[in-house]
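Only one structure is covered here, and it is reproduced in the block below.
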Amino acid sequence: MTTGSYNITRRINRLWRIFATGFVFVLFGVGAIVISLTMFPVLRVVSANSETARRRIQHAMQLTFKAYVEVMRLLRVMTHSVEGVERLRERGRLIVANHPTLLDVVVLVSLMPEVDCIVKRGLWRNPFLRWPVLWASYIPNSEGEELVDSCAERLRLGHSLLVFPEGTRTVPGEPIHMQRGAARIALAADAEILPVTVTCDPPTLYKGLPWYRVPERRFHMAIVVGQPLSAANFRHGDEPARAARRLTEWLRAYYDNNDASHPAEDAEQVKSADDAARAASSLY
4 MTTGSYNITR
14 RINRLWRIFA
24 TGFVFVLFGV
34 GAIVISLTMF
44 PVLRVVSANS
54 ETARRRIQHA
64 MQLTFKAYVE
74 VMRLLRVMTH
84 SVEGVERLRE
94 RGRLIVANHP
104 TLLDVVVLVS
114 LMPEVDCIVK
124 RGLWRNPFLR
134 WPVLWASYIP
144 NSEGEELVDS
154 CAERLRLGHS
164 LLVFPEGTRT
174 VPGEPIHMQR
184 GAARIALAAD
194 AEILPVTVTC
204 DPPTLYKGLP
214 WYRVPERRFH
224 MAIVVGQPLS
234 AANFRHGDEP
244 ARAARRLTEW
254 LRAYYDNNDA
264 SHPAEDAEQV
274 KSADDAARAA
284 SSLY
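Going by this note's numbering, the sequence shown wraps up at 287, each residue one higher than the last.
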């Protein structure tokens, strides 16, 4: 293949991925409205109580997101891999993950039949999405103790909860900044923490990047689920604020050791960092 032919092929490939990326965004938006007006109301009506409705709607969310991920794969927008997915199926765990791209929540929810999520309070004012997030028992992103108490109560009830401790998407190359909310929730519920590392290669859909700025090739998202760890390991009789700082620092070190801003070479690299971080926690 000549250089000119190669460049034309690359250009066509990139234009296709711009089109495909735009298409999946439109599909997601239109699909969310259609499903919110059809499937979710039916599931709520045929459910005997709110708990049954919650479980059914969360499972429907999983299947919808799984289909969405499959569409992106078929359109050659992305590929993905998962290590340790069986740990995500255990109930009653606080699942914490880094947040490198807009799509990590979609891929993570597609792996779990039931999981509670913290979502923007503005969705409760959206006429199309208000009822689905309410019926799914998702938690509005309120401030302070109200949010901590709501999340801790869900964990005590045996629900799994997905949290992004950074609070927003990261920018490649910038240091990870952890907020203390996830640590406060874990300590309030004495929950098991399940750390998940998400990498995206090449980086895309990160904070501040327009959707049409697609990478030179389709991106690969790797999900590596670490080993569970009890929040009680970080108490040591200290006041809650100090324990929360200790746990937050552990999370920051965990993702720094896993080099979450760049793809791991393989699962063993992440496992080694996982083991190192767990060993370090015993020193606190």
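Where a beta carbon is used, it is the ideal one built from N, C-alpha and C, also for glycine.
Only a predicted model underlies this, so the values are computations on that prediction, with no experimental measurement involved.
Determine the burial state of residue i: buried for a count of at least 16 other Cβ atoms within 10 Å of its Cβ, exposed for fewer.
| i | result |
| --- | --- |
| Leu160 | exposed |
| Pro243 | exposed |
| Asp119 | buried |
| Pro168 | buried |
| Ala263 | Here Ala263 scores only 49 on pLDDT, less than 50, and its place in the model should not be relied on; the value that follows carries that caveat. Label assigned to Ala263: buried. |
| Glu93 | exposed |
| Thr104 | buried |
May I have the straight-line CA-CA distance separating residue i from residue j, to the nearest angstrom?
| i | j | result |
| --- | --- | --- |
| Ile60 | Glu54 | 10 Å |
| Leu165 | Val201 | 13 Å |
| Val29 | Gly240 | 51 Å |
| Val151 | Arg17 | 44 Å |
| Thr67 | Ile36 | 12 Å |
| Arg14 | Arg20 | 10 Å |
| Arg128 | Ala234 | 35 Å |
| Thr207 | Ala51 | 42 Å |
| Ile226 | Lys210 | 19 Å |
| His162 | Glu156 | 9 Å |
| Ser84 | Gly147 | 35 Å |
| Phe22 | Met75 | 12 Å |
| Arg183 | Asn261 | 20 Å |
| Ala70 | Glu177 | 32 Å |
| Arg220 | Asn10 | 13 Å |
| Arg238 | Ala246 | 5 Å |
If you check the beta carbons only, do residue i and residue j fall under 8 Å apart?
| i | j | result |
| --- | --- | --- |
| Ala189 | Ile179 | no |
| Trp214 | Gly25 | yes |
| Val228 | Val112 | no |
| Val27 | Leu97 | no |
| Arg57 | Ser153 | no |
| Val122 | Pro135 | no |
Report, in whole angstroms, the separation of the C-beta atoms of residue i and residue j, which I expect to be a contact under 8 Å.
| i | j | result |
| --- | --- | --- |
| Leu250 | Ala186 | 4 Å |
| Leu91 | Met115 | 5 Å |
Should residue i be flagged as near chain B, meaning a C-beta pair shorter than 8 Å?
| i | result |
| --- | --- |
| Leu18 | Of the chains in the structure shown, none is chain B; there is only one protein chain. |
In three-state DSSP terms, what is residue i?
| i | result |
| --- | --- |
| His265 | For His265, the pLDDT reaches just 43, beneath the cut-off of 50, and the residue's location in the model is therefore unreliable, although a value from the coordinates is still provided. In this structure, His265 counts as coil in the three-state DSSP scheme. |
| Asp241 | coil |
| Phe222 | strand |
| Ile121 | strand |
| Glu86 | strand |
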